[in-house]
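Line by line, the protein sequences give chains A, B, C and D.
Numbering that gives the first Met the number 0 puts the last residue of the first sequence at 479; the count rises by one with no breaks.
Numbering that gives the first Met the number 0 puts the last residue of the second sequence at 479; the count rises by one with no breaks.
Numbering that gives the first Met the number 0 puts the last residue of the third sequence at 479; the count rises by one with no breaks.
Numbering that gives the first Met the number 0 puts the last residue of the fourth sequence at 479; the count rises by one with no breaks.
For every residue, glycine included, the Cβ atom is placed at its ideal position computed from N, Cα and C.
Number of protein chains: 4
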Amino acid sequence: MNRPGEYCGLCGVIGSRTAPSALAAEGLLAQQHRGQEAAGVAALTDNGRILLHKRKGLVSEAMADAPKALFDGSVKAAVGHVRYGTFGGDDILNAQPILVSMAGIPVAIAHNGTISNAGSIRRDLQRKGHILQTGTDTEIVLHLMSRELERNNYNMRRCFDIALSKLEGAFCLLLLTPEGMYAVRDPLGFRPLCLGRIPEGGWVVASESIAFSMTGAEYVREIGAGEIVFFSGDGSRPSVARFDGAAELFRSGDGLAQCIFEHVYFARPGSMVFGDSVYRVRLEMGRRLAREHPADCDVVVPVPDSGMFAAIGYSRESGVDLDMGFTRNHYVGRTFIDPTQAARQSMVMRKIQPIPSAVAGKRVCVVEDSIVRGTTSITRIKALREAGAREVHMRVSCPPHRHACYFGIDFPQQDKLIAHDRSVTEVARILGLDSLAYLSVEGMLSCVGAHPVRDYCTACFTGEYPVLPPSDGYPGKEEP
Amino acid sequence: MNRPGEYCGLCGVIGSRTAPSALAAEGLLAQQHRGQEAAGVAALTDNGRILLHKRKGLVSEAMADAPKALFDGSVKAAVGHVRYGTFGGDDILNAQPILVSMAGIPVAIAHNGTISNAGSIRRDLQRKGHILQTGTDTEIVLHLMSRELERNNYNMRRCFDIALSKLEGAFCLLLLTPEGMYAVRDPLGFRPLCLGRIPEGGWVVASESIAFSMTGAEYVREIGAGEIVFFSGDGSRPSVARFDGAAELFRSGDGLAQCIFEHVYFARPGSMVFGDSVYRVRLEMGRRLAREHPADCDVVVPVPDSGMFAAIGYSRESGVDLDMGFTRNHYVGRTFIDPTQAARQSMVMRKIQPIPSAVAGKRVCVVEDSIVRGTTSITRIKALREAGAREVHMRVSCPPHRHACYFGIDFPQQDKLIAHDRSVTEVARILGLDSLAYLSVEGMLSCVGAHPVRDYCTACFTGEYPVLPPSDGYPGKEEP
Amino acid sequence: MNRPGEYCGLCGVIGSRTAPSALAAEGLLAQQHRGQEAAGVAALTDNGRILLHKRKGLVSEAMADAPKALFDGSVKAAVGHVRYGTFGGDDILNAQPILVSMAGIPVAIAHNGTISNAGSIRRDLQRKGHILQTGTDTEIVLHLMSRELERNNYNMRRCFDIALSKLEGAFCLLLLTPEGMYAVRDPLGFRPLCLGRIPEGGWVVASESIAFSMTGAEYVREIGAGEIVFFSGDGSRPSVARFDGAAELFRSGDGLAQCIFEHVYFARPGSMVFGDSVYRVRLEMGRRLAREHPADCDVVVPVPDSGMFAAIGYSRESGVDLDMGFTRNHYVGRTFIDPTQAARQSMVMRKIQPIPSAVAGKRVCVVEDSIVRGTTSITRIKALREAGAREVHMRVSCPPHRHACYFGIDFPQQDKLIAHDRSVTEVARILGLDSLAYLSVEGMLSCVGAHPVRDYCTACFTGEYPVLPPSDGYPGKEEP
Amino acid sequence: MNRPGEYCGLCGVIGSRTAPSALAAEGLLAQQHRGQEAAGVAALTDNGRILLHKRKGLVSEAMADAPKALFDGSVKAAVGHVRYGTFGGDDILNAQPILVSMAGIPVAIAHNGTISNAGSIRRDLQRKGHILQTGTDTEIVLHLMSRELERNNYNMRRCFDIALSKLEGAFCLLLLTPEGMYAVRDPLGFRPLCLGRIPEGGWVVASESIAFSMTGAEYVREIGAGEIVFFSGDGSRPSVARFDGAAELFRSGDGLAQCIFEHVYFARPGSMVFGDSVYRVRLEMGRRLAREHPADCDVVVPVPDSGMFAAIGYSRESGVDLDMGFTRNHYVGRTFIDPTQAARQSMVMRKIQPIPSAVAGKRVCVVEDSIVRGTTSITRIKALREAGAREVHMRVSCPPHRHACYFGIDFPQQDKLIAHDRSVTEVARILGLDSLAYLSVEGMLSCVGAHPVRDYCTACFTGEYPVLPPSDGYPGKEEP
């Protein structure tokens, strides 16, 4: 999918009987939707070494040539990462986890999010003589730690705390050292991170709880915003603390900044995210959407698979039949048709095709989770009409996207957002719809239950950013 | 998917402005579900040469290293094939199309089906000194033709007719010669083959009409059983004739033997097959199933994606809410977990996982299109119970599978079919269900409309074979 | 090397304790100079099956992905082939050995040489309905055999005899059947083939005896022209017979047609070829050259490695010091310099470079084994002068090449031979030499000892062909 | 070759009309014998960026997938490296050149030699917080520079000078920055580095002058020990200075420490090294050897190719005929023979085989350049006897190897050196020789002419090291 909003996924496992690295890789597979550009696993062995294997491509491709040692019985903890290239270029150098040797001590790190002040930290490190090897904002954490090692008697925990205290923005981190594994979630809680326990022993940390499915772990709770959790790997419970960081960022009384778009679009419906079932939230969004914006139609048609759950909610609440008006081909790839011969737009059709017998002669209400650029929607709506639909209406289970995201979602430039400067009526006209309606911000927030509404970031819809955007623009971008 | 019932798909294109080979490859992509083992395209050029490119793997993989010439403007016709390895071994030699030089004349052929008397023809050819290069039943057609060339003054059409007259069993064939393209469907019409017309010029033949979606072709009609259709590529209408073949196989007054399982499971819902919309047939099967076997339940849950359409029909007819109780991961591959550490069965879980919040505490009615071995069903039903389902019922939109197929569907040995020797009650017990019911044969046949019910083969359900099984067992098996 | 004259090499092993296929592969490695385009090994197993592995590239590359089974203990005989693509195109289809199933019986064949009447046999087979899969002249042998099988009660030996009786031209063949291995050399003995015995048991057949070095075999004798030798693999001595073939080709009293160019250039100096030591023959050619054409010079400089042995002979006989005036780089490949920037000719310099301190100020006599096109010689002579040589003379250890070869040596078109229409003086001028002289035909033939001089083909020097050139030009060329 | 003593090679090109990167790659090809483990080229473009391509394998393999941009017209300077893995592990991370970004400024470095105090510098850098990415001693140079950048106003030359002043041991360095290229040779001149000028414009620096052959450059002179040469790339002459480094290492009046083994074995005979022609030196060593140790023999046989030049000298001086008693196969690879079936030792035979007709019945004097472990020699001598040699004598064109090298030659552990603790007589017995003799140290040194004898390091023969071995053993070894 070319849909924006894909970023990264994390999975760390420690203390399990089955090789933690194997479970971490399975956890990445279950979170492949969070990043298809690269995948990697770092594994801590009995003798305190860390092995790393990372490659471009899907988890299955990247792990295909992993050395056997990565998955063998001597591994006692592992952290894994799937990458969607927000920035840093697509060089394998920028894949994660990143493994370095600090004064002979191996340390691996994996990161989901965007550190807002990475640029200024990077420049400061360089002034002091540091040579950074990657273009990622992640690597600076390691250099901040490395500077502290000697004066802190090589106490890794202390050095990590100091480094964290200097970071701003959105970050979930997994850190692997010879002593064990750390899991950290930033003070505003932009990105999700949750904790699972394996009944026979061992712990799992992942961006989404769906990663637990193959590990056998049970969902325990979300990692709290501003928490640092340490797992020693000896079977004992992890130690939990708040880290001394970015305190000034806390908007006292203003709550957290959890990304509501995870519920709308990004997370898998089988996951728990920010303490809520994504499935439940989406179904409820569909119901709420039906109440806010009923449509005079014969069938409710989901865009597969993204609009499926909202469409079920919409159908139930409205009483209009749900129907699969589109069929999806799971096998696509580069086209064989010369682009000068074929309309570029129609490529969208290769993946999702209308079923004429399902829509011909009907008033169709298409339910989609979100519209970003609108280009694929145009094609699909046109295809529905060509397949014989009498009317085409669209209902969207979130508000119009009108603002940039600085915290990890790879939306296009603001002016590429179809709703950026346009009224809903104008968007409907461009998309070729008989009617169009979006879920309201209030409606959307009413569907989540685990946190108060002020604990969610809705900046891409409202423009109200939880922290100031970085003064030097998009942070930390530098090619190595 | 490891589900049996996958065989082969064909797509031939001639006379189009866009390179016919590119359109054929797109047509294969849309039919990738019919075979993932190998893919190939043979292309006829302006100067009467035939280029061939075939490889193991998916269409996108197999075509990745195709030479540019295959897709360039000098190509005037192309036939493509996706293969599911029924027999002949997995050697690339057995991939199709097969291209040979007959006395200097290039001829390519692609085949979907099983020629019942291939074994005896093969042995006869060998006695006469022929050396066959592949283990396929397809190659014998070429050798039968080759023997006739000289005595028929190199009239390719005449030689093809003679060869066809000797074949028995199930076969759709595409033949490419310097003169043009032939499309053939066997006299009993086991496998589907349909004709499309490109408005700006050109013709398309494919196993399923979904293959037309990227070619821009309009569905014209199915190729009739026993028809041989020739396309000269000069823009004129194809010439249609009945070929003089296998006449004794026609059961006078007994109708055709079109495979009903194409509608139940194999074809894509967006396709026209045997003159009916697969989508409509499946929805109707769900409705009929609800009338035959209502369930006392809270939600109707489809097995994704196979049970989706029947589930929608079932939900509508029964009035019980449809819900997505399973979520599907499109990214899987080889597992990383040591098989000695993980229960083999739980691998099923990597692809399809239950959503606890959708099923917990509910009486769930799972709708599936068919049950063959039953092994994956056992795992899924167990997973639903672990996710908290109170009751689990299953409704299947075809009758129980109890007999082997000799005409192209790769079912397992009869004794591996879970329903082979068992009552429905016994199957329900093995699957761990609270109740189980199958659609009746009559109910199933009542859902198709384009042909009389006697025109469908239901042998895998009823054991009533349209022709005698081959006397020498599974035909033509020989490794080259 | 881009030098013409490279064709194919054979190695067959049977009955050895070490896997015959491993020894055959080693034998191919030792004969890699005979063909670098493709390599393959066919292995007969205990249970009468034949495994085949062949690939484009060097032996080491081609065998890198060979299945283990090819080399395991169940293999009892093996035939191998290295290919230099004389014709048939570079498709892997044309690599050898060729393995087919004749009426269920596996047969593999490997061939060195050129069957002159392959074209007419091919056309006759096609008229009878045979479909040939390759463009090689080798495959026709198998089809000729296949036609005879039934009427000869599947007696493979008898069928092979019949096929051989129809062949004309140059051919050494190794045939592997479930019964054992056959080795055949054509009646005129164009190409070499020799027999070795492994002291602990087993037999080896190879184009050159250097192939015995890793097998531990001792040289027994050359396979006689017109012999068919059968090895049963049970430890008994091979049975030897003359085959009933091409009798009319024997020029009674005129002797054989053994290729003298094998001794001049093609074979490795460590080999026995046609019963003579290649080393001895080359040294003697150098001595004779010195007697026929002394040079007034300070140093004798061989072109590495081709002129080395003749240069040693020349130096000894003349009493002039030998010196290595050229150094050779064994590591080269595609150039990185844009061909529009660099003179194409100077690429020759990457492989062989003059050593200024060895030649500066000296009168250099370069000794080379042969000159074909002359292009590389021009560059090297120019380089010697640039490195400071005062005079450059050249002595060539064979006569001038002036005629095409129809029996396996891939010389360029006659008019590309620098000496084709030119006097030695003219050639010397073109090459930029102070003097040039070639060994005489008589001188060359005086250096071999195992056969009378009339038993050698010198057609490329003299134009006197041992048989008539094929009436239809270069034989059998057809792309499949 | 498995012979020790292979290390690294450098080639830098600037200001040439032909892409400097293409010429540098050609220069590496000509120096491939100096390292086959990895190869790389860093290229400086018009706009001040540096592109890097490096891979494991031979130059031809490593450069096969280089991006076109690396060789295009915008490149104005390039440095290349071939690596023999002395230490740092075989990870691609340790291939060179190494490219980093120092505060946004790209800098690439390539290194030949061993920095003795790398270990202590590395530890010091780590204490200060630096994270080193590779296990090489090369990377520390960059970190030493990086630390100086800010306080020296980003004056790259100044920072490089400071870094150099801290290094001890053997190092030739090429440094590429947006300003141009630096070439450095350590104060004792362990390793060679020479300067060439391209007549049409541009400069080349390489370990050996043979690298100039394809660049068209003329040999100018060796880079002096302790020199730093800067090339701006604007066509002007390079600026030369002595760098302020390791002054205390200069043994006043004691001369340099140029590695005599470059002349004996390592460099190519066509090269100028330390101001002498390697060809001349080797020929002279052979002559001197003949005078010091005549042999009563019939033929002088070189071990190909290493003993060739000394053998020619030996033959000329002694008046005994030279003969090629061994033939070499340039095509080898992994063996196909099960190691349990074949004597490991005989694998040596695959590469170099005796020619029976050249040695049978003769008293053979084998000339070799050096003996290290002696294992391959044992096999070859045995093979000569099996081929019929009546007596086998050996003459070696350097003294016995008895001591470790700390300055870049990868000799085995001292106790693996066959001569380490043994008399020449004992070695002769182990090798199975009728007689054995080595060139004396004085004899060896008498053959070089460009520098006084005290300017050469002979430590591997004499144990007299030019500087103290590093106190902490083999320096700087750490896996990243």
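Listed along chain A, no residue sits closer than 7 Å to isoleucine 13 of chain B by beta-carbon distance, the nearest being about 16 Å off. Annotation: the continuous beta strand (DSSP E) that includes valine 203 of chain C extends over 202–205. Judged by pairs of C-beta atoms under 8 Å, the segment 5–24 of chain D touches the segment 72–81 of chain D, as three or more such pairs exist.
Proximity of chain C to glutamine 132 of chain B at the Cβ level (cut-off 9 Å) is accounted for by Val99, Ser100, Ile130 and Gln132, in chain order. The beta carbon of glutamine 125 of chain B sits closer than 8 Å to the beta carbons of Leu131 from its chain, once the five residues preceding and following it are set aside; these are given in chain order.
For glycine 79 of chain B, the enclosing beta strand (DSSP E) covers residues 74–82.
Only those residues of the segment 133–145 of chain C whose C-beta falls short of 8 Å from the nearest C-beta of chain B are listed: Leu141, His142 and Ser145.
Between the alpha carbons of proline 186 of chain C and proline 465 of chain C lies a distance of about 12 Å. Of all residues in the segment 114–126 of chain C, those with a C-beta nearer than 7 Å to a C-beta of chain B are Gln125 and Arg126, reading in chain order. Assigned with DSSP and collapsed to three states, phenylalanine 406 of chain B falls in coil, not helix or strand. Counted as a single uninterrupted DSSP element, the alpha helix (DSSP H) harbouring tyrosine 313 of chain D occupies residues 307–317. Out of D/Gly168, D/Leu416 and D/His419, the CA that lies nearest to the CA of arginine 184 of chain D is found in D/Gly168.
The straight-line gap separating the alpha-carbon atoms of methionine 62 of chain C and glycine 442 of chain D is approximately 48 Å. Annotation: serine 317 of chain B to arginine 286 of chain B spans about 8 Å, alpha carbon to alpha carbon. Residue contact with chain C for glutamate 149 of chain B: present (Cβ-Cβ distance below 8 Å to some residue of chain C). When only Cα atoms are considered, tyrosine 437 of chain B and proline 293 of chain A end up about 37 Å apart.
Taking C-beta atoms as the reference points, histidine 392 of chain A and cysteine 296 of chain A count as a pair closer than 8 Å.
Within 7 Å of the CB of aspartate 320 of chain A, the CB atoms of chain B belong to Arg315, in sequence order along the chain.
Counting only runs of at least 3 residues, the segment 8–52 of chain B fully encloses the following beta strand (DSSP E) elements, listed from N- to C-terminal order: 8–13 and 37–44.
Restricting attention to beta strand (DSSP E) runs no shorter than 3 residues, the segment 223–248 of chain A encloses them at 226–230 and 238–241, ordered along the chain. Residue ranges of uninterrupted beta strand (DSSP E) with 3 or more members, entirely inside the segment 345–411 of chain C and ordered along the chain, are 351–353, 362–367 and 390–395. In this structure, glycine 8 of chain C and serine 305 of chain C do not form a Cβ contact; the two beta carbons are roughly 18 Å apart against a cut-off of 8 Å.
Close to leucine 28 of chain A, with beta-carbon spacing below 9 Å, are these residues of chain B in chain order: Asn328, Tyr330, Val331, Gly332, Thr334, Phe335 and Arg349.
The beta carbon of alanine 309 of chain A is closer than 7 Å to those of Arg281, Met284, Gly285, Leu288, Val366, Asp368 and Ser396 in its chain, skipping five residues each way along the sequence.
Taking 8 Å as the threshold, the shortest C-beta distance from glutamine 95 of chain C to chain D does not fall below it. The segment 110–118 of chain C and the segment 164–183 of chain C touch, with three or more beta-carbon pairs separated by less than 8 Å.
The alpha-carbon separation between leucine 383 of chain C and serine 208 of chain D amounts to approximately 17 Å. In this structure glycine 179 of chain B is buried. Its beta-carbon is surrounded by 16 or more other beta-carbon atoms within 10 angstroms.
Of the residues assessed, serine 422 of chain A falls on the exposed side of the cut-off, its CB having fewer than 16 other CB atoms within 10 angstroms. At the C-beta level, tyrosine 455 of chain D and isoleucine 259 of chain D come within 8 Å of one another. One thing to note: arginine 333 of chain B has its Cβ within 8 Å of the Cβ of serine 59 of chain A.
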